[in-house]
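Structure, as structure tokens:
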Amino acid sequence: MTESAAYVRIVEETPAYWRVLFDYPPFNIVDAAIFEGLQGLLARMDAAPSLRAVVFESVNPEFYLAHFDLTGHIGNITTAVGPTGLPILMDTFVRLTKSPVVSIAKIRGCVRGVSSEFVLACDMRFASRENTRLGQPEVGVGVNPGGGATERLPLLVGRGRALEIVLGANDFDGDTAERYGYVNRALPDAELDGFVDVLARRIASFDRRPIAAAKNLMNQVSLPSADRLLDAFSAFQTALTWPEAQQRIQALLKGGLQREGDFEKRWPALLGTLLKT
Amino acid sequence: MTESAAYVRIVEETPAYWRVLFDYPPFNIVDAAIFEGLQGLLARMDAAPSLRAVVFESVNPEFYLAHFDLTGHIGNITTAVGPTGLPILMDTFVRLTKSPVVSIAKIRGCVRGVSSEFVLACDMRFASRENTRLGQPEVGVGVNPGGGATERLPLLVGRGRALEIVLGANDFDGDTAERYGYVNRALPDAELDGFVDVLARRIASFDRRPIAAAKNLMNQVSLPSADRLLDAFSAFQTALTWPEAQQRIQALLKGGLQREGDFEKRWPALLGTLLKT
Amino acid sequence: MTESAAYVRIVEETPAYWRVLFDYPPFNIVDAAIFEGLQGLLARMDAAPSLRAVVFESVNPEFYLAHFDLTGHIGNITTAVGPTGLPILMDTFVRLTKSPVVSIAKIRGCVRGVSSEFVLACDMRFASRENTRLGQPEVGVGVNPGGGATERLPLLVGRGRALEIVLGANDFDGDTAERYGYVNRALPDAELDGFVDVLARRIASFDRRPIAAAKNLMNQVSLPSADRLLDAFSAFQTALTWPEAQQRIQALLKGGLQREGDFEKRWPALLGTLLKT
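Protein chains in written order, with numbering that gives the first Met the number 0: chain R, 0 to 276; chain Z, 0 to 276; chain E, 0 to 276.
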């Protein structure tokens, strides 16, 4: 098993139903290792004709996936390119949306920025009612979201709520995320595993061709174009070079981002006073 | 009165407000007779310049409309063509969406597959809170939806919930259908008739030209293209020929579909174990 | 200060956060004076590089903005043209949606017709749970909405609920508006000011470039085209000439519209029996 495969671990419940466990201590920060793991998973999914459903979850109940690595010391996911020719981040998300396999995000803990964009690229999202902190804090960090949130959220939750999520740059709990349509449902934490397992096994019992046919038809009317996604990614790369963004990123890293668990859990709430304190 | 007109019965409450009653024992199965009845209704609607609103309901509180006839013994609704040149199923639904008359589905009981697609082609949907079983079980029967669900649901409820409805292939109760936006509202069963009647009479009191102008403007930004609808219908016809679909259809018919009321009410819940039992 | 600037009053809380107060007694009727005030505001917004967020509210808790002036005696907002070359009404709304400044509607009281279309052109909408009467009553007055509702609502709340709002032509309270997605959230009246102030100050603390970049990206996938908006506006101008519309407008003015506060508050509820009483 490669190192990245250890961070993005596959549990084959049945040939038709896999669980994928994010296990990248301490906070499941999203860096090149996570994308390498996801690319490995996609290659295995493409080679598994019996597979119907994949559930994505975290072994750490506090962090589903944290956020984009802001230290930039592991690999370079903004320049790497995937098999489709798109940047690796987009390649991963676009292939997930177009896969004939059904992807389900089972959410507990913190899911921010590129991690929120990962769950938005999954076919369905189910979240813990008590334990979900989901959001797109990028604008409060001085950049725009670059991995699809600005394209996928307006179609999912409507323009008004999408603008609130992205421009307000704060966390959403399970109930609000459900009310906004950001997740399919928020379930009591004690019921989340059971609900998702029953749904995944049910889908796994269906035939592959009707699943693929139905998903493909829905993709025609519900996915943003690659052009739009590329625009957002390019804007994000530009924004990372802005001095005001670098100032905010440094303030966050100095405050404890990617080092202290308590800060990692609550930092979006602090963005409104980031440069004052 | 023709036979099909008895199954799709028109009650002219006023010249501006009609109720249409589905009355096709025992389960209001959707076959050629229902489409013949709906085509007769559309012809009468086109010839009624005073008409403003039509409410669609069932005389059977357990079955609004059940589902597509899987025995295939009455007519052939997959090859028949309507006045628009589109297949009869699409012709019926498309003409309903483009009619200057406002269509309102008042839902009680089971509404699955093509029946769900019928209510999705209506302008508005109001459902009994206690007595609604609404869904698109096609994928669990081995085929994709062919009558517009894959095109209309993503625009109505967002990609995530649309994928859950279609790929999960299960029933939705009134409350969940409301929360997802699958219906406009779920109302307590005792209030449903009153609410819809007040709304329909209110709309019936308005002038025909502003109704037609406003609906036409909204149609420009809210209807799927005929190309997309035809793709889904063609895929459905192909899927019906797949051996895995035929195996599932035969298992359902053997289990009691279209024969036993109790099985008719609950069969989508059984789809996850259909070939195991 | 010009007269119109007194009706659309700017309070500069900080250089980054302005509040705009509608104060046009007795009912905040939307006529040429309001559009003149909004055009003045837009010019000031364009000249304020430090500005991030604008909150729109009313000094009159019973009337946010009432509705389009149906007496037609102050100016002519259907023929006036704005800096973009679009009709003044569309110019105002389109520039608001495309501004790099974030616009937030804080809603209390009556908001109907063109006023609902104003809040739909704002980036976000927050409403008083106890004190909101929001709707598009135009069809009950004999005309279609002309200021974007038929284009913006289907994208925001889905086709079914958009058709109910526009063709039902009635008021929506805060809770229903939230459930439909017509507003972002309905908040208890006592919490509304605090919630919106915290959000606006938070956004005002962010940098201008990422706000503009993110909003611009979301605009690409969430705004109706100018062609569609112009179609609706032209249809509205035509509808105003229909005798049936003029008959309804005269009945409303005779009943007390634009003269009596009590009638102004409740008139959409009476539209279903307007010509009978």
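Don't be surprised by glycine CBs; every beta carbon is placed ideally from N, CA and C.
Problem set entry | alpha helix (DSSP H) runs contained entirely in the segment 206-264 of chain R, provided each spans 4 or more residues | 207-221, 225-238 and 242-254
- Item | Residues within the segment 128-150 of chain Z neighbouring chain R, beta-carbon criterion of under 9 Å | 135, 137, 138, 139, 140, 141, 142, 143, 144, 148, 149 and 150
Determine the extent of the alpha helix (DSSP H) in which residue 175 of chain R is found, giving its start and end residues. 173-179
Comparing the C-beta of residue 213 of chain E with each C-beta of chain R, is any distance below 8 Å? yes
Note the first and the last residue of the continuous alpha helix (DSSP H) segment covering residue 113 of chain Z. 113-120
Return the CA-CA distance between residue 42 of chain R and residue 6 of chain R, expressed in angstroms with no decimal places. 16 Å
Q.
For residue 252 of chain Z, count the other beta carbons within 10 Å of its own beta carbon; 16 or more makes it buried, fewer makes it exposed. Which is it?
A. exposed
_Less than 6 Å between C-beta atoms, sequence neighbours within five positions excluded: which residues of the same chain meet that for residue 26 of chain E?_
62, 65 and 263
Worksheet entry | Residue of Z:48, Z:49, Z:34 and Z:115 minimising C-alpha distance to residue 86 of chain Z | Z:34
query: If you scan the segment 89-169 of chain E from start to end, which runs of the beta strand (DSSP E) of 3 or more residues do you find wholly inside it?
result: 101-111 and 123-134
Buried or exposed: where does residue 105 of chain E fall if 16 or more other Cβ atoms within 10 Å of its Cβ makes it buried?
buried
For residue 201 of chain R versus residue 167 of chain Z, is the C-beta distance shorter than 8 Å?
yes
Requested in this report: Taking a Cβ distance cut-off of 7 Å, strictly less, list which residues of the segment 218-243 of chain E are near chain Z, in chain order.
Outcome: 223, 227, 230, 231, 234, 238, 241 and 243
Below 8 Å, how does it come out for the segment 113-127 of chain E and the segment 148-161 of chain E: are there three or more Cβ pairs, yes or no?
yes
What residues from the segment 187-207 of chain R come within 7 Å of chain Z, judged by C-beta to C-beta, listed N to C? 198, 200, 201, 202, 204, 205 and 206
**Q.** residue 124 of chain R: contacting residues in chain Z (beta-carbon distance under 9 Å)
**A.** 159
What separation, rounded to the nearest whole angstrom, lies between the Cα atoms of residue 21 of chain E and residue 256 of chain E? 19 Å
Open item on the list: Ignoring anything shorter than 3 residues, give me the beta strand (DSSP E) runs that lie fully in the segment 48-82 of chain R, in order along the chain.
Closed with: 52-57 and 62-64
**OP:** State the beta-bridge partners of residue 197 of chain E as determined by DSSP.
**Re:** BP columns for residue 197 of chain E are empty, so no partner.
Any C-beta of chain Z within less than 8 Å: which residues of the segment 258-272 of chain E qualify?
270, 271 and 272
- prompt: Based on the DSSP output, what are the partners of residue 185 of chain Z in its beta bridges?
  reply: Z:126
What are the partner residues of residue 18 of chain E, as DSSP defines its beta bridges?
E:10 and E:54
Going by DSSP, what residues sit across from residue 86 of chain E in a beta bridge? E:80
Since residue 159 of chain Z and residue 122 of chain R are thought to touch, with beta carbons under 8 Å apart, how far apart are those beta carbons, to the nearest angstrom?
-> 7 Å
Next item on the list: Could you tell me whether the segment 171-191 of chain Z touches the segment 242-249 of chain R, where touching means 3 or more Cβ pairs closer than 8 Å?
Entry: no
Notebook entry, point to check: Is any beta-carbon of chain R found at less than 8 Å from that of residue 75 of chain E?
Noted result: no
Own chain residues within Cβ distance below 8 Å of residue 14 of chain Z, not counting five before or after
47, 49 and 50
Output the distance between the C-alpha atoms of residue 129 of chain R and residue 187 of chain Z, rounded to the nearest integer angstrom.
-> 29 Å
>> Would residue 86 of chain R pass as an interface residue toward chain E - the criterion being a Cβ-Cβ separation below 8 Å?
In response: no
| Could you give the distance in angstroms between the alpha-carbon of residue 143 of chain E and the alpha-carbon of residue 235 of chain E? | 6 Å
| task | Within its chain, find whatever has a CB closer than 7 Å to the CB of residue 203 of chain Z; leave out the 5 residues flanking it on each side and keep chain order. | result | 13, 15, 16, 51 and 52
Item to complete: Give a yes or no on whether the minimum CB-CB distance between residue 93 of chain Z and chain E is below 8 Å.
Response: no
Exercise. Is residue 209 of chain Z close to chain E, meaning its C-beta is less than 8 Å from at least one C-beta of that chain?
Worked result: yes
8 Å Cβ cutoff met for residue 99 of chain E and residue 210 of chain E
yes
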